[in-house]
Structures are given as C-alpha cells and as structure tokens.
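Participant:
In UniProt numbering, the protein residues as written are 1 to 344.
#1: Along the chain, where does the beta strand (DSSP E) that runs through residue 36 open and close?
#2: Could you say which of 285, 150, 320 lies nearest to residue 308 if we only look at CA atoms?
#3: Could you tell me the distance, in whole angstroms, from the CA atom of residue 53 to the CA atom of residue 94?
#4: Assuming contact is defined by CB atoms lying nearer than 8 Å, are residue 328 and residue 133 in contact in what I supplied?
#5: Going by C-alpha distance, which of 209, 205, 291, 204 is nearest residue 195?
#6: When you compare each of 274, 78, 321, 267 to residue 205 by their alpha carbons, which one comes out closest?
#7: Do you know whose CA, among 216, 154, 314, lies nearest residue 241's CA?
#8: What does the alpha-carbon distance come out to for the pair residue 299 and residue 314?
#9: At the level of alpha carbons, what is the spacing between residue 247 and residue 212?
#10: What's the call for residue 201, buried or exposed, on a 16-neighbour Cβ count within 10 Å?
#11: Can you tell me the Cα-Cα spacing of residue 280 and residue 104, whole angstroms?
#12: With distances taken Cα to Cα, identify the nearest neighbour of residue 139 among 80, 341, 334.
#13: Ignoring anything shorter than 4 residues, give me the alpha helix (DSSP H) runs that lie fully in the UniProt domain "Tc1-like transposase DDE" (152 to 303), in order along the chain.
#14: Using a C-beta cutoff of 8 Å, does residue 333 count as contacting chain B?
#15: Under three-state DSSP, which class holds residue 340?
Encoded structure:
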C-alpha cells in the first residue's frame, strides 16, 4: 500500500491513528496495512505531539511545473536574447504571482535547451552571392578528395591581433547559432596586429609571410612570385595543381590576372563570400586559439609574428588532411542550405 519514501494519504494516516487508539500495536498496524513499522511510529508520534496527522506547511519556493509558466518564460527569453539571467528572472517575477529564484529559472531554461552563449560572429551573405555559391557547389558536387581536392592549394590573407575582444552573450538553443538576430558586429581593442599570407596543400602547411602595410595588387603579385612557387615546386613538381584564392579586389585585379597568366599559374574559380568552403580559414582559427595562451608573453609586433610562425610550423599534416576530407561534406551542406552559409 505504501512504498518506502512514498507520502501516505490522509485516509491511511487516520487509519493508523484509529487502529492505535483501538489498542493495536505498531507492529500489528504495519503488518495489516503493509507499510514499514517506522512509518507507523512516525505517524503515531506526530499525532501524539500535535494532535493531527496533517503535514505542516513546507518552507521554500513553490515548484515551477505548470506549462503556462514555461510558456511565459520562453516568451520572455525570445524577446530578450541578450538579457542577463538576473534580468530575465526579474521580468518573469513581475508577471508571476509567486516569485522564483534565478537558479530555478536557469534550471528550466537549460532543461528546454536554452543556454547562455557567446554571440556568433558571421557575415551576412548577399542574395546574388548565395545563388553563385549554390551553382558553384553543384558544379563541384562530384569532386572527390583523391581525384580533385588533393590537387588544390588553398591560400588566404588574415589579420591576426591580440588584445581585448568584447563578447556579447545571448540565450539560444543549439540549432539557433547563425540566426541573423543572434549575430554580433565585430568590435575590439587591439594591442598588436599583423597581416599575414599563407597557403596549405594536402601534404601540410605551406609558406607563411607577414605583409607590411596595406596589401595591393603589386604586393600580392610579389607574394605569389616569392612564396607560392616553392610550394608548387616541392609538392607538385609535375605541375598538376590548382591554386585557390578568394575574390578580394587585389586577387582579381587586371594586373594580377595578367601576372597569373604570364607565369602559368593554374587557378580555379571561387564563389564570393565563402569562407566556410575555404579550409585555410579553419587553420587561421586554430592559430588564433593557440595564440590566446601566449598573449601575455608577446611584447611586440615582431614577437607576435614569430609566435604565429611557431604555431604554423607545428600544425600536423594529419590535421590539414582532415580539413581536406571535410570539403565534400561542406559542399553538400551548402547545397542542402540552398547556398546559405554553413556551420563551417
């Protein structure tokens, strides 16, 4: 009738008292009602002490279990994505008869998939570029790593800086990471920064060089002339390669295109606004994350580049090859999302 730990009904409690008053022993009551003897003893003691078998009012806040309570909380969160837990709790309590704690609010937000995360930073893709991305990916859909992507040299410039990067936190579910209203503009206070150019191939990282000042078409051509050819000579002696760069103005300048044609560099087309398809972006992110552990030790711009170079040469070919193997999946994801940006 009553399992251990289960709350007895008022009727059973009254029955215990009635049997006790009629001369039944505590053991006999337990046997007849099929409940633990300790439960009988506790209820008899409570009756003798208080004259009642009813529980006293319990302390603590009421349970947050009503569906309408959660619907109210979710409505507040969806309209206050950047609010702190304290602010959300206050807003909820303003609309609720009985206040609840921050911990209770946090528990139910986590239970329903909401977590406080750093606001994602992502470019917003133009419609014309979305269509071009989709067409390009459909064209490359049947490319394989062994037959095609292994031949590609990926390249890019990146500005790497150390300093304070202001973070904005938002409440979101796992599948809401790239929603436009959950995107943060980039703002930072920079201590040291350096512009670098680098490239990678299937066999690992290629050359890495700092770029002084603003990069223009002439400077970009000098970089290719000095730093691309060693990679081609070492890893593609037969000339069976494709060189990838994005659609930055200096890359597509007429003088750059003439330089590429004059020097026999075999390029490939590339869709605009497609950092998620360029696997060297993942390498830059890897470098920046490693750099975070050394920030306090860097005292000059030159030391910053030396540390970047140290991290660069330590990157294993196995890591680079994993990125190459991810390209077919990236292509399919872009197609599945109709050209929109993916998680990569």
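All C-beta atoms in this analysis are idealised placements derived from N, C-alpha and C, irrespective of residue type, glycine included.
Facilitator: In brief:
#1: Residue 36 -> no beta strand (DSSP E), and no H or E assigned at all.
#2: Looking at the Cα atoms, 285 is the closest of the given residues.
#3: Roughly 37 Å between the two C-alpha positions.
#4: Result no, Cβ atoms of residue 328 and residue 133 do not sit closer than 8 Å.
#5: Checking every option, the nearest Cα to that of residue 195 belongs to 209.
#6: In this structure, 321 is the residue among 274, 78, 321, 267 with its C-alpha nearest to the C-alpha of residue 205.
#7: Nearest of 216, 154, 314 to residue 241, Cα basis: 154.
#8: Rounded to the nearest angstrom, the two C-alpha atoms are 22 Å apart.
#9: Whole-angstrom Cα-Cα distance: 21 Å.
#10: Answer is buried; the Cβ neighbour count reaches 16.
#11: Spanning the two alpha carbons is a distance of roughly 43 Å.
#12: Nearest of 80, 341, 334 to residue 139, Cα basis: 334.
#13: 217 to 223, 229 to 235, 249 to 252, 254 to 262, 280 to 292, all fully within the UniProt domain "Tc1-like transposase DDE" (152 to 303).
#14: In the structure shown, chain B cannot be found, because there is only a single protein chain.
#15: Three-state DSSP puts residue 340 in coil, outside helix and strand.
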